[in-house]
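So the mapping is simple: the working numbering equals the position in the sequence shown, first residue as 1, plus 2.
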Amino acid sequence: MRVISQNLTAWSAGLIVVVIFLSAWLSHPQHRISAFAVSTAPVDAESVAPKASYISRFASSDLEDFVHSSAVTALPGGDLMSVWFAGSREGAGDVEIRTSRFDASNGEWGGEQVLATRASTQSGTGKYIRKLGNPVIALAPDNRLWLFYVSVSVGGWAGSTVNAMVSSDMGASWSPPWQLVTSPFLNISTLVRGAPVFHTDGSIGLPVYHEFLGKF
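Pasting the structure below:
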């Protein structure tokens, strides 16, 4: 009789979880994806495309730290802004999200600056932060810069959460970070690596992947 009672309790608990999940799924408002917001440059039939040239340079000025997961976006006037994470090793407590800006007028990268640390992320989100990683950056059609990066509170990268920061002055100042809710359960195991896309209704499409029981 005890075995039957335990099985009935387990089945009941499982049924409750399924009902809660289905209710949350069905009650979630449907979102229609709008068209992409694309900036179209004027076409001059008389112009001739310049010959492409390729030069390899370091965007980071500190060549002793471990650096990884770089991303770049184009700014008005031909400037570029690059982001990456750097520290003594991947996953270390001293890892920071850093940036550097390429000045098209002189063809040089400026000195690197720190955009986010464990302390600043913890202060902005109100949660304990163990490590940081995987930043991506993009310029929206309204000329706001968006930065997304990963943080982990407990465990490895499978416990990742996505954070966002925004700048309205081309990176001169940034908002405090906040966490995106991307999972109905504990909001973990979501990582970014690809640049976002912007839609005409103001929404943002952010490519992500999950790394819990496997990458998908």
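Just so it is clear, CB atoms sit at the ideal spot from N, CA and C, and this is done for glycine as well.
Since we're looking at a predicted model, the values are computed, not measured.
Would you tell me roughly how many angstroms separate the C-alpha atoms of L77 and Q124, rounded to the nearest one? Going by the C-alpha atoms only, they are around 29 Å apart.
Below 6 Å CB to CB, which residues in the same chain sit around A15 once its five sequence neighbours on both sides are set aside? Contacts found: none.
When I206, V194, R120, R59 are compared against A88, the one with the closest alpha-carbon: It is R120 whose Cα lies nearest to the Cα of A88.
Q181 versus V69 - alpha carbon distance: Straight-line spacing of the CA atoms in Q181 and V69 works out to 23 Å.
CB contact flag (L82, T101, <8 Å): Taking 8 Å as the Cβ cut-off, L82 and T101 do not qualify as a contacting pair.
Could you check whether S84 and S72 sit closer than 8 Å to each other, using their CB atoms as the reference points? Taking 8 Å as the Cβ cut-off, S72 and S84 qualify as a contacting pair.
Which runs of the alpha helix (DSSP H) fall wholly inside the region 86-165 and span at least 4 residues, in chain order? Runs found: 120-127.
How far does the beta strand (DSSP E) with F68 in it reach, from first residue to last? Element bounds for F68: 68-76.
With DSSP as the reference, please indicate the residues paired to S84 in a beta bridge. Partner(s): V74, S102.
Would you report the Cα separation of N108 and I190, rounded to the nearest angstrom? Rounded to whole angstroms, the gap between the alpha carbons of N108 and I190 is 43 Å.
Tell me whether the beta-carbon of L188 lies closer than 8 Å to the beta-carbon of N136. Cβ atoms of L188 and N136: not closer than 8 Å.
Cβ pair count under 8 Å reaching 3, the region 91-98 against the region 136-148: The answer is no - the region 136-148 does not touch the region 91-98, with fewer than three Cβ pairs under 8 Å.
Do you know offhand how far L24's Cα is from S185's? Cα to Cα, L24 sits roughly 14 Å from S185.
To the nearest angstrom, report how far apart G196 and V210 are at their CA atoms. If I take the Cα positions, the gap works out to 7 Å.
Contacting residues, own chain, Cβ-Cβ under 8 Å from F200 (five flanking each side not counted): Result list for F200: F38, A39, A140, A142, P143, I206, G207, in chain order.
Buried versus exposed call for P52 [16 or more other C-beta atoms within 10 Å across all chains shown]: Counting of Cβ neighbours within 10 angstroms places P52 among the exposed residues, the total staying below 16.
Which of helix, strand or coil DSSP assigns to I57: Three-state result, I57: coil.
What does DSSP give as the partner residue(s) for M167 in the beta ladder? Answer is L149.
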